[in-house]
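Colleague: Let me begin by handing over the structure; questions about it come next.
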Amino acid sequence: MSVTGNTLIVVTGPTGSGKTDLAIQLAQKLGCEIISADSRQMFRDLPIGTAAPTAQQLAAVPHHLVGNLSLTDYYSAACFEQDVLDLLPRLWQRSPYAIMCGGSMMYIDAVCNGIDLLPTVSDENRAAALEVYTRGGIEALIEALRVHDPDYLATAPDLNNHKRLVHALEISMEAGRPYSSLLTGRKTERPFRIIKLALNPPREVLFDRINRRVDAMIAAGMEEEARRVYPLRHLNSLNTVGYKELFAMFDGTMDRETAIARIGKNTRVYAKKQLTWLKRDPSVCYISSLDEALAAIGM
RNA sequence: GGUUCCUUGGCCGAGUGGUUAGGCACCGGUCUGCAAAACCGUUUACAGCAGUUCGAAUCUGCUAGGAACCU
């Protein structure tokens, strides 16, 4: 093996594109381990609905950050960045390669390019910022930001997105200075090589695979899985495609056939959003097979 | 055979003479701490034909398809 230094190989692509299988093949070929980059497969109670690696797949290659969280745990892209940076040195002791496989684009971005350091928001400030929104809506959020962070308002990409406004406000309150002043706009240079591979099957093929996978999930017992976590439906970890629709079915507000069709529809929508994220990333190398992946790595 | 009613874009669905209904999908986009989240943009109509009218998805007639009831 040539001396190229430690390398992180990212295997990404839209949901249902075959990332998991390819990553395993690649890992076996390279003799390295896999870090999952999937914001939902991390929750241990959702293996079926999130299409998490199966027991056989987990046995084939050591995986990290799969089923390691409880639904009530707080987690974020910044947490992920830290977890991965902590994990990599250990994996590189055994191989110069490590594979990060998943479709949570913001998480991947946090690892590849870094994410600015922000204070951890206290429960009080989080609640206060949220209350500004629940009481006064977007208008009130903008009013508050006019005081806390006018620069953010001037540059915010989308003032209709209350989640982003609430976040800017809570961070500003926590830090005691404008949220926008904490953003460096700079990418972090990593002391290791990153190769970003992406799977991007033709749309019809992808949609067909997604449709079939939904049926397979239902057949594998996804309804029972969702039923078990139904009481926790208010948790953010369950604000997830597949579960939302089944919860509506349990509520009696949606019939079974419609719920299953919606899961397929929303999964397809999700896949397209992942693609949107990938399209603007000039560092991705599109591949469609193990051989192409190996070639891209230079093997 | 007769009577009555219905027919809006891929789907749902408002609109009864003079603005773009709207929603979802499709297609495109945003993204620096819950991101499988949240948000933004755009396209596609008025079953067909003829007529009334300055002007028809909206009124009239015929045709086609569908529904209910009657014989």
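The first sequence begins at 4 in our numbering and counts up one residue at a time.
Think of the CB as a built atom: it goes at the ideal place given N, C-alpha and C, for glycine as much as any other residue.
Identify, in the order they occur along the chain, each residue of the same chain with its Cβ nearer than 6 Å to the Cβ of residue 289, setting aside the five sequence neighbours on each side.
Modeller: 201 and 203.
Colleague: Once DSSP output is grouped into helix, strand and coil, what is the label at residue 39?
Modeller: Note: residue 39 maps to strand in three-state DSSP.
Colleague: Would you mind giving the Cβ-Cβ distance between residue 38 and residue 30, rounded to the nearest angstrom? I have them listed as a contact below 8 Å.
Modeller: Going by Cβ atoms, the distance from residue 38 to residue 30 rounds to 10 Å, so no, they are not a contact pair.
Colleague: Assign residue 211 to one of two classes, buried (16 or more other C-beta atoms within 10 Å of its C-beta) or exposed (fewer than that).
Modeller: Exposed: under 16 other Cβ atoms inside 10 Å.
Colleague: Here's the rule I'm using: 16 or more other beta-carbon atoms within 10 Å means buried, otherwise exposed. How should residue 84 be labelled?
Modeller: So residue 84 ends up on the buried side.
Colleague: On a CA-only basis, which of 28, 69 and 23 is nearest residue 44? Give me that one, please.
Modeller: Residue 44 has its Cα closest to that of 69, out of 28, 69 and 23.
Colleague: Measuring straight from C-alpha to C-alpha, what distance separates residue 227 and residue 246?
Modeller: Rounded to the nearest angstrom, the two C-alpha atoms are 11 Å apart.
Colleague: Quick one, which of 248, 77, 41 and 114 has its alpha-carbon nearest residue 239's?
Modeller: Answer by Cα proximity: 77.
Colleague: Cutting at 8 Å between CB atoms, please list the residues of its own chain near residue 108, excluding the five before and the five after it.
Modeller: So the qualifying residues of the chain are 15, 277, 280 and 281.
Colleague: Measure from the alpha carbon of residue 86 to the alpha carbon of each residue in 75, 111, 64 and 124, then state which is nearest.
Modeller: When each option's Cα is compared against that of residue 86, the closest is 111.
Colleague: Is residue 169 helix, strand or coil when you go by DSSP?
Modeller: Of the three classes helix, strand and coil, the one that applies to residue 169 here is helix, per DSSP.
Colleague: So, using beta-carbon positions, are residue 195 and residue 9 closer together than 8 Å?
Modeller: Closer than 8 Å, so yes.
Colleague: Taking DSSP's pairing of strands, which residues face residue 14 in a bridge?
Modeller: Answer is 104 and 200, bridged to residue 14.
Colleague: Among 219, 262, 263 and 232, whose alpha-carbon lies nearest the alpha-carbon of residue 19?
Modeller: When each option's Cα is compared against that of residue 19, the closest is 219.
Colleague: Evaluate the contact criterion for the stretch 177–192 versus the stretch 120–137: three or more CB pairs, one atom per stretch, below 8 Å.
Modeller: Result yes; three or more Cβ-Cβ pairs closer than 8 Å.
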